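Those protein sequence lines, which keep their order, are chains F and A. Residue numbering for the first sequence follows my numbering, beginning at 1 and increasing consecutively. Residue numbering for the second sequence follows my numbering, beginning at 1001 and increasing consecutively. Quick reminder that beta carbons are idealized off the backbone N, C-alpha and C, glycines included. Model, not experiment: these values are computed from the prediction. See structure below.
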Amino acid sequence: MELDAKAPGGPIETRWDRHRFNLKLVNPANKRKYTVIVVGTGLAGGSAAASLAELGYQVKCFCFQDSPRRAHSIAAQGGINAAKNYHNDGDSVYRLFYDTVKGGDFRAREANVYRLAQLSLNIIDQCVGQGVPFAREYSGYLDNRSFGGAQVSRTFYARGQTGQQLLLGAYQALERQIGAGQVEMHPRTEMLDLIVIDGRARGITTRDLITGKIESHLADAVVLGTGGYGNVYYLSTNAKGSNATAIWRAHKRGALLANPCFTQIHPTCIPVSGEYQSKLTLMSESLRNDGRVWVPAKKGDTRPPAQIPEAERDYYLERRYPSFGNLVPRDVASRNAKAVCDEGRGVGESGLAVYLDFRDAIERLGRHVILERYGNLFEMYERITGENPYQAPMRIYPAIHYTMGGLWVDYNLMSTIPGLYVIGEANFSDHGANRLGASALMQGLADGYFVLPNTISDYLASTKFEKVDLSHPAVREAETQVTSITKRLLETKGTRSVDSYHRELGKLMWEHCGMSRNAEGLRHALGTIPGLREQFWRDVRVLGTNEELNQSLEKAGRVADFFELAELMCLDALERNESCGGHFREEYQTPDGEAARDDEHYSYAAAWEFRGVGNPPALHKEPLGFEYVHPAQRSYK
Amino acid sequence: MRIILHIWRQRNAGEKGRIVRYEVPDVNREMSFLEMLDVLNESLIAKGEEPVAFDHDCREGICGMCGCMVNGVAHGPARGTTLCQLHMRHFKDGDELYLEPWRARAFPLVKDLVVDRSAFDRIIAAGGFISVATGSPADGNAILVPKENADSAMDAAACIGCGACVAMCPNASASLFMAAKIAHLGLLPQGQPERERRAVAMVAQARQELFGSCTNIGECEAVCPKEIKLEVIARMNRDFLRAKLTGRGDTLRDDEAEVAESKPLAGAQR
Chain F
1 MELDAKAPGG
11 PIETRWDRHR
21 FNLKLVNPAN
31 KRKYTVIVVG
41 TGLAGGSAAA
51 SLAELGYQVK
61 CFCFQDSPRR
71 AHSIAAQGGI
81 NAAKNYHNDG
91 DSVYRLFYDT
101 VKGGDFRARE
111 ANVYRLAQLS
121 LNIIDQCVGQ
131 GVPFAREYSG
141 YLDNRSFGGA
151 QVSRTFYARG
161 QTGQQLLLGA
171 YQALERQIGA
181 GQVEMHPRTE
191 MLDLIVIDGR
201 ARGITTRDLI
211 TGKIESHLAD
221 AVVLGTGGYG
231 NVYYLSTNAK
241 GSNATAIWRA
251 HKRGALLANP
261 CFTQIHPTCI
271 PVSGEYQSKL
281 TLMSESLRND
291 GRVWVPAKKG
301 DTRPPAQIPE
311 AERDYYLERR
321 YPSFGNLVPR
331 DVASRNAKAV
341 CDEGRGVGES
351 GLAVYLDFRD
361 AIERLGRHVI
371 LERYGNLFEM
381 YERITGENPY
391 QAPMRIYPAI
401 HYTMGGLWVD
411 YNLMSTIPGL
421 YVIGEANFSD
431 HGANRLGASA
441 LMQGLADGYF
451 VLPNTISDYL
461 ASTKFEKVDL
471 SHPAVREAET
481 QVTSITKRLL
491 ETKGTRSVDS
501 YHRELGKLMW
511 EHCGMSRNAE
521 GLRHALGTIP
531 GLREQFWRDV
541 RVLGTNEELN
551 QSLEKAGRVA
561 DFFELAELMC
571 LDALERNESC
581 GGHFREEYQT
591 PDGEAARDDE
601 HYSYAAAWEF
611 RGVGNPPALH
621 KEPLGFEYVH
631 PAQRSYK
Chain A
1001 MRIILHIWRQ
1011 RNAGEKGRIV
1021 RYEVPDVNRE
1031 MSFLEMLDVL
1041 NESLIAKGEE
1051 PVAFDHDCRE
1061 GICGMCGCMV
1071 NGVAHGPARG
1081 TTLCQLHMRH
1091 FKDGDELYLE
1101 PWRARAFPLV
1111 KDLVVDRSAF
1121 DRIIAAGGFI
1131 SVATGSPADG
1141 NAILVPKENA
1151 DSAMDAAACI
1161 GCGACVAMCP
1171 NASASLFMAA
1181 KIAHLGLLPQ
1191 GQPERERRAV
1201 AMVAQARQEL
1211 FGSCTNIGEC
1221 EAVCPKEIKL
1231 EVIARMNRDF
1241 LRAKLTGRGD
1251 TLRDDEAEVA
1261 ESKPLAGAQR
């Protein structure tokens, strides 16, 4: 299969403008004749649904939560990047573009990233217009902070709740369209299959989570904004409900899935406290602006942190990376935390934690400044751990946070199935092998507000749609498929709960396909997963019926998909014989332990084609060219 | 430690519910409240009994999906804390806890501890927004917002829409929820053009949804996990009154007003 990225050439500054001019438009009066399905209501899905409805399209929008406002974008804390250069510190669209390509370790498509940097400007304007209460200076102007992987201050924020406020902006825009009758909203409804007719995405099959009713919905195009797959690992910073079912079932219908092994480990999360742990909580990366990361200089030092004198502390990030210090990118910070813990210098009961210390910042700036910047984060930390971070340093450890991989899309955000668009974290496009902090919000909103509403018109205007109805054989087939999976899960009546299988899979993935990987471990995982998956299908215990709210049944379907996806992740990680960004293969590192890329052989996006469960998938490569930012060993020293 | 739970079990809105007693031995102090319920559910599944249904998602106190009454208090005993962020170190060995769903006419029960809060969405759809089409705003710094206003707007905007205020209010009023949005948008320059209209439309929708009226009791403020202050309700009342006195709130066109009066908004009707 030839992967045509449809990325325009020529001067990078004008690519998006020229491309946009060449896209076909739908006449305003004709827009209402088209129906678009949007699945997911996070920053990407919510903003897309609202914007498409404003344009006049008929929108049907779906989410599994009880309200579109609950999508997990809401939990993003730190901020959103934009190259406004309000601080005269040398920022520009080009610099944001450069930082993002470099931060992604040269595994993203240049044209996409440049567009993202350009649109970052419009996003801030849009959100201010909606009433997002961004932090302000006393003058009334917008305030900024700095974030990992950048040497300029370009992150806009609303206390430690930026994601919440941006999402509520998109949610309110969406509700306005629901009120106006432009959007038909289906909360507590889960997409369980994609309907493909004559090679085009024409609808979805869903389960009503309250009544269990399996239904199909038809449209002229389908947009997935269903987020990432970090919950493969069971323990992650994702919401409990976050899942890969929508993208995985689209993948099984023919959409290629790219770079599944590119997962991001966030360096600053609250450490695991016990076996019952149900999820991990992130402490915003913005804390690294003022917090200093350290561990005791010598092994097995169990003194309380306050009793360890300055000379016996190792501020290892400042020591190893003097120019970026505590603000190195996430992958670098995470790997270093793991390395010092592996050396036996970790702190806390488990030895799997490092300190994030605010003592010096409090001395320098005063407690009130720290309170204002991070008050809610400090409270959250204290609520969870029972410890006061104003008095003792926080203990943090890396955790799975974001997945850069996802369904392959071209420059128009269309997958390999015509009419199926994928936006936000669900696609693979803009972050390469590592996402920089405060860039996920930017990408979700760029895709939803500004890219998709433009590109989708080209598809709608240039396609002749055959009339289809719910009696079409493809619709029947999808419904039969969904019903049989549900039935099988309920009829298995095995011995172990869904969660127990999910935990087991998660542990295996964290050990062998987590923060660092090697061929042997990946082969072991690949050898173990199929057996575990078969056992799951033979032995899972799902009580209750389909015709009611059945949370075990919902989870079971999602975990079944995680089993299949996990195998692909390991395979992708094994195939990629290099280290890049979040994908760290132990065999491929520089003498001083940094990731060693192999541009000669692996400068491509790996897009996988599904060939049946248990059958080896086919690999298709989209070669990546770098005309502007020349690949170099990333250095943050 | 050992915790005794008395949990409201109800298969669906049509069937009768009842309180069922469960014991959870070996509760760890570091567990969150929901992790204790996970442990209970795992043990129920092992025994072949159906697990307790409860809403939850982010488990970091921000999505607003979780919540139930714990011994008559919404989200339990810790101030400014959602149920998912409540940790078992607040309890002691042998404690008996009664868990019940939010009870309000406007929040019909779905199952066990799960209720339907879509009425909140319809209130936002009625007017809880600034009408700005994608692409129209000018530069972000073209609108200056005094820091105090931005901060107060953020205080109000912190609402997570969990419904604890309604559950705790003897009148089942949604005033704190509505007023938080009205105050957030009304404190910002961008929110001024629709200020009166917003208050009138949202209040009308809340009446449609059968939420009660506010009688200044303050239970809502006491249990709000985001510590939204009662003062926002004063702001809402002022906006509403001003709309009525100046006639500006009647900018609802006749046909729109009719819709608001006669039926809930289209969309999430269940």
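Classify residue i: buried if its beta carbon has 16 or more other beta carbons within 10 angstroms, exposed otherwise.
i	result
D430 of chain F	buried
L1187 of chain A	buried
I396 of chain F	buried
E363 of chain F	exposed
E190 of chain F	buried
Y57 of chain F	buried
Y138 of chain F	exposed
R1018 of chain A	exposed
M1088 of chain A	buried
L470 of chain F	exposed
V1223 of chain A	buried
Q633 of chain F	exposed
Q1192 of chain A	exposed
Who are the Cβ neighbours of residue i in its own chain at under 7 Å, not counting the five residues just before and after it?
i	result
Q589 of chain F	S579, A595 and A596
K1263 of chain A	Note on K1263 of chain A: pLDDT 47, under 50, position unreliable in the model; no value is reported.
Going by DSSP in three states, residue i sits in which element: helix, strand or coil?
i	result
E184 of chain F	strand
A392 of chain F	coil
L224 of chain F	strand
P623 of chain F	strand
S978 of chain A	Any question about residue 978 of chain A goes unanswered here, given that chain A covers just 1001 to 1270.
Q151 of chain F	coil
Q77 of chain F	coil
I398 of chain F	Checking the sequence, you will find Pro at residue 398 of chain F rather than Ile. If DSSP states are grouped into helix, strand and coil, P398 of chain F belongs with the strands.
Could you give the distance in angstroms between the alpha-carbon of residue i and the alpha-carbon of residue j?
i	j	result
A219 of chain F	H266 of chain F	38 Å
G79 of chain F	Q165 of chain F	10 Å
L1034 of chain A	T155 of chain F	34 Å
R345 of chain F	S334 of chain F	15 Å
G424 of chain F	G444 of chain F	4 Å
R159 of chain F	R435 of chain F	21 Å
G1140 of chain A	G351 of chain F	46 Å
F626 of chain F	G582 of chain F	20 Å
Check the Cβ-Cβ distances between residue i and every residue of chain A, and say whether any is below 8 Å.
i	result
M442 of chain F	no
R20 of chain F	no
G131 of chain F	yes
K279 of chain F	yes
Y402 of chain F	no
V128 of chain F	yes
S273 of chain F	yes
I80 of chain F	no
K240 of chain F	yes
L489 of chain F	no
L574 of chain F	no
P187 of chain F	yes
Grab me the residues of residue i's own chain with a C-beta within less than 8 Å of its C-beta, minus the 5 sequence neighbours each way, in chain order.
i	result
R367 of chain F	Y390
T281 of chain F	T237, C269, I270, M380 and I384
Counting only Cβ pairs nearer than 8 Å, list the residues of chain B close to residue i.
i	result
H72 of chain F	Of the protein chains in this structure, namely F and A, none is chain B.
I'd like to know if residue i contacts chain F, where contact means its C-beta is closer than 8 Å to some C-beta of that chain.
i	result
V1132 of chain A	yes
M1069 of chain A	no
G1247 of chain A	no
Q1278 of chain A	Absent from the structure is residue 1278 of chain A, since the part of chain A shown begins at 1001 and ends at 1270.
K1147 of chain A	yes
H1075 of chain A	no
E1196 of chain A	no
E1001 of chain A	Contrary to the premise, residue 1001 of chain A reads as Met rather than Glu in this sequence. Taking Cβ atoms only, chain F never reaches closer than 8 Å to M1001 of chain A, which makes this a no.
Excluding five sequence neighbours on each side, which residues of the same chain lie with their C-beta closer than 6 Å to the C-beta of residue i?
i	result
H19 of chain F	P8
A150 of chain F	D99
F378 of chain F	P389
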